[in-house]
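Chains as they are written, first to last, in our numbering: chain A, 69 to 162; chain B, 69 to 162.
A virtual CB, placed ideally from N, CA and C, is assigned to each residue, including glycine.
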């Protein structure tokens, strides 16, 4: 159960956007996932919106953006200083 | 009528995030706006989420994120080449 929830999350980082687009398409086409959640923090947030829009507009017209949530996460760096970073979760549904 | 709608939009660009935070707070405190819409394209999308989170968490706890929408806009550059850019609209409501 936990495993199948885990599989439907794609964490967006610093790779080229098309790697994430392919990851999302693969999740949907494996057949089990009707929902894929994109998660990112900080500067990767812009790329996350790109990935959602590209999947929806270019590859999977049957996929819709179901929900978008933002939040703030507290981060402690290696040198001990703390700071806040914004996060986003975009839920795609087919 | 058109003017009062115009006033409630804050376009997020490349300035420091606190200028936009102040702009949003000013819009709300002028008294007329119960809704302020943040709009951005491309890399400014991350900053837009930062601005929304900072306003909500640090300055105006009575403000909520009411809606988040993403879209794709076609852009023609000065050299004539066309490309697509992602856009975001975050609606804040008090």
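request  = Assuming residue 120(B) contacts residue 81(B) (C-beta within less than 8 Å), just tell me the rounded distance between them.
outcome  = Here residue 120(B) refers to the residue found at position 52 of the second chain. Here residue 81(B) refers to the residue found at position 13 of the second chain. The Cβ separation is near 15 Å, so there is no contact.
* With a cut-off of 8 Å, does the C-beta of residue 87(A) fall near any C-beta of chain B? -> Here residue 87(A) is taken as the residue at index 19 of the first chain, counted from 1. Answer no: the Cβ-Cβ gap between residue 87(A) and chain B never drops below 8 Å.
Look at the alpha carbon of residue 71(B) and the alpha carbon of residue 123(A), and state the distance between them as a whole number of angstroms.
Translated into the one-based positions of the second chain, residue 71(B) becomes position 3. Translated into the one-based positions of the first chain, residue 123(A) becomes position 55. Here the model assigns residue 71(B) a pLDDT of 45, short of 50, so the residue's position is not dependable, and the following value carries that caveat. Those two C-alpha atoms are separated by around 36 Å.
Inter-stretch contact (C-beta, 8 Å, three-pair minimum) for the region 98–112 of chain B and the region 152–160 of chain B:
yes
- Query: Between the region 111–128 of chain B and chain A, which residues of the former have CB atoms less than 7 Å from a CB of the latter, in chain order?
  - Reply: 111, 113, 114, 117, 118, 120, 121 and 125
*Ignore the nearest five residues each way along the sequence and tell me which others in residue 135(A)'s own chain have a CB closer than 8 Å to its CB.*
Within the first chain, numbered from 1, the residue matching residue 135(A) stands at position 67. The answer, listed in chain order, is 157, 158 and 159.
Using a Cβ cut-off of 7 Å, which residues of the region 134–161 of chain A contact any Cβ in chain B, in chain order?
-> 136, 138, 140, 154 and 156
Q | Complete runs of the beta strand (DSSP E) confined to the region 74–127 of chain A [at least 3 residues] | A | 77–79 and 103–109
My assumption, with CB atoms under 8 Å, is that residue 138(B) sits in contact with residue 93(A). Please give the rounded CB distance.
Translated into the one-based positions of the second chain, residue 138(B) becomes position 70. Translated into the one-based positions of the first chain, residue 93(A) becomes position 25. So it is not a contact: roughly 18 Å between Cβ atoms.
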